[in-house]
Amino acid sequence: MLAKSGKTARFWPLVAMIASLTIVNIAGAVSVDVSAALQTGDPLDNGCGLLKDCDPTPLSESSYKNFYQTDKSTWHSLGLDPKLLHINEIAVGFVPGFLEKENPNKPEDINKKLFKPMSIMGDYISISSWDKEFKAIDWHIKTVQNLKGNPVWCIALMPSEGLDSISYHVANRIAMKMKQVNDLGITVWLRFAHEMNGEWYTWGLQPEKFKEKWEMLAREVKRVTNRTYMLWSPNAMFGHGVGERRGGYSPYWPDPSTVDICGLSFYHWGIADKRTNVKPTRQEAIRKLYEFAQIYGRNGWNKPIIVAETAACYTTYAGTTNSVGGGFSELEIKMTWLHLLVDRYIKRIIPDLKAVIWFEVDKVESPPGTGKRYNEDFRLVLGNPEVSWAVRELFASYQNKELAKFSERQ
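Okay, here's the thing in structure tokens:
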């Protein structure tokens, strides 16, 4: 995560909306016209409520065959098990706050709050010269092995000593370590040098060097492993365009044969990057995700799309429970963001969207340039009990539709 300044009733309007979304190329940048999407409205705006599935459309037969009967041992499955937590064919995972100063947690704690075990466990592991055997990876192997359902392990592998520290020898040792993990029956999504298009990490804003190191590592991983996927994961675009070094995508796009999955870090902070407790909008979610998917999904580079790291932040002044302002509750903010990421309409707009991974962390930090300390609570299920209960109600609503489809098949 970055510390940045950082149904039936709606089906035909939705078809019209999708048809009207256009990609406009201007000086190498890409923009998306989402005005039609905003005009169609959404059941959330019409009193549907935050605690239930707003789309009454039954699951289709193709959904049943293409998702619920997927064999997770096949490469195209990405290692995702349809028996684990998923909403509308979108796998749902979490990043636990293992070593956080504020309210640390474990994946087992998160699973206790869910009606199905998480599909993906996110993690952060630094590559350090003092850890030549990658013991940091070993520390969490047992944790992953002991989780119910054998989830995917999404490892944000961080070259904390800079990209120059990634030699061929290091790349080979990383690949061999991934093979050891795969041999234990664990599928890995290797998210090397994530958010490389920002300035907050030592490896950031170095597009040519990033591509060189990425490709070297990816080729070693592909040579020696069979269940490790290379996850290319920039931060959601900010700044002046897709082609920009700061905040863009294309300068960091490596040889496409070395990329298995494309994912975004994508957070709701408030108004732009200002910490303000306001409710997310459809425009906010659709613009970034649809744009990214048009470039890297089936209409572009034909890669699976995921939201590799996300949350909606509820911000209070550090040491207090006083909101920084904005007028919306934690429940409204987080549940709206969750709906925007997993409701049926987003799957129709972005059929390549395979997974969403929620950042289940509570932080106290000072955003750059503010000089102020804030409590930033990103947690969905382990924080505010009202939010946790609402999440369970929403997931149960989605689950009822799935159970109805399965009962037809009996």
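Residues -29 to -1, 1 to 381 in mature numbering (1 follows the signal peptide of the UniProt record, and there is no 0) are what the sequence shown lists, from first letter to last.
Glycine included, C-beta positions come from ideal geometry on N, C-alpha and C.
Alpha carbon to alpha carbon, how far is residue i from residue j?
i, j, result
"Phe299", "Thr158", "39 angstroms"
"Lys113", "Gly156", "12 angstroms"
"Pro122", "Gly212", "35 angstroms"
"residue 384", "Ile96", "This structure cannot speak to residue 384, because the chain is shown only from -29 to 381."
"Lys150", "Phe237", "30 angstroms"
"Leu49", "Asp102", "29 angstroms"
"Pro222", "Glu215", "7 angstroms"
"Asn168", "Ala127", "15 angstroms"
"Asp109", "Cys125", "14 angstroms"
"Pro322", "Arg350", "27 angstroms"
"Ala(-11)", "Ile320", "Confidence at Ala(-11) is low in this model, with a pLDDT of 35, below 50, so the placement of that residue is unreliable and no value is reported for it."
"Tyr369", "Ile304", "20 angstroms"
"Lys259", "Gly271", "15 angstroms"
"Thr252", "Tyr139", "45 angstroms"
"Val115", "Val63", "16 angstroms"
"Glu301", "Val362", "12 angstroms"
"Pro78", "Ala367", "20 angstroms"
"Thr229", "Leu188", "9 angstroms"
"Asp231", "His239", "26 angstroms"
"Tyr39", "Gly268", "22 angstroms"
So for residue i, helix, strand or coil by DSSP?
i, result
"Ala8", "Model confidence at Ala8 stands at a pLDDT of 47, short of 50, so the residue's coordinates are unreliable; what they give is reported in the following sentence. Note: Ala8 maps to helix in three-state DSSP."
"Glu178", "Looking at the sequence shown, residue 178 is not Glu but Pro. Looking at Pro178 - three-state DSSP - the assignment turns out to be helix."
"Ser359", "helix"
"Asp226", "coil"
"Leu22", "coil"
"Tyr238", "strand"
"His165", "coil"
"Ala146", "helix"
"Tyr220", "coil"
"Ser99", "coil"
"Leu324", "strand"
"Arg246", "strand"
"His57", "strand"
"Ile317", "helix"
"Ile137", "coil"
"Leu118", "coil"
"Trp46", "helix"
"Tyr261", "helix"
"Arg269", "coil"
"Val192", "helix"
Is the separation between the beta-carbon of residue i and that of residue j shorter than 8 angstroms?
i, j, result
"Arg344", "Ala282", "no"
"Val313", "Ile58", "yes"
"Gly93", "Glu357", "no"
"Asn76", "Pro67", "yes"
"Lys54", "Leu365", "no"
"Leu309", "Lys84", "no"
"residue 446", "Leu235", "Residue 446 is absent from the structure shown; the chain starts at -29 and stops at 381."
"Leu176", "Glu183", "no"
"Phe86", "Trp329", "no"
"Thr287", "Val295", "yes"
"Glu336", "Cys284", "no"
"Pro130", "Glu186", "no"
"Leu311", "Ala264", "no"
"Leu56", "Lys43", "no"
"Glu166", "Lys334", "no"
"Trp174", "Gly210", "no"
Applying the 10 Å Cβ sphere with the 16-neighbour rule, what's the burial state of residue i?
i, result
"Thr(-8)", "Bear in mind that a pLDDT of 37 at Thr(-8), under 50, signals an unreliable position, so the model cannot answer this."
"Glu179", "exposed"
"Asn248", "buried"
"Ile242", "exposed"
"Leu324", "buried"
"Pro339", "exposed"
"Arg246", "buried"
"Gly219", "buried"
"Ser90", "buried"
"Thr199", "buried"
"Leu202", "buried"
"Glu104", "exposed"
"Arg153", "The residue you asked about is not Arg; residue 153 is Asn in the sequence shown. With 16 or more Cβ atoms within 10 Å of its Cβ, Asn153 is classed as buried."
Please name the residue or residues paired with residue i in a DSSP beta bridge.
i, result
"Pro67", "Glu331"
"Glu347", "Thr286, Lys334"
"Ser294", "Thr287"
"Val159", "Trp124, Thr199"
"Asn206", "Ser236"
"Thr281", "Phe237, Trp329"
"Asp94", "Ile126"
"Ile276", "Cys233, Leu324"
"Ala62", "His57, Ala326"
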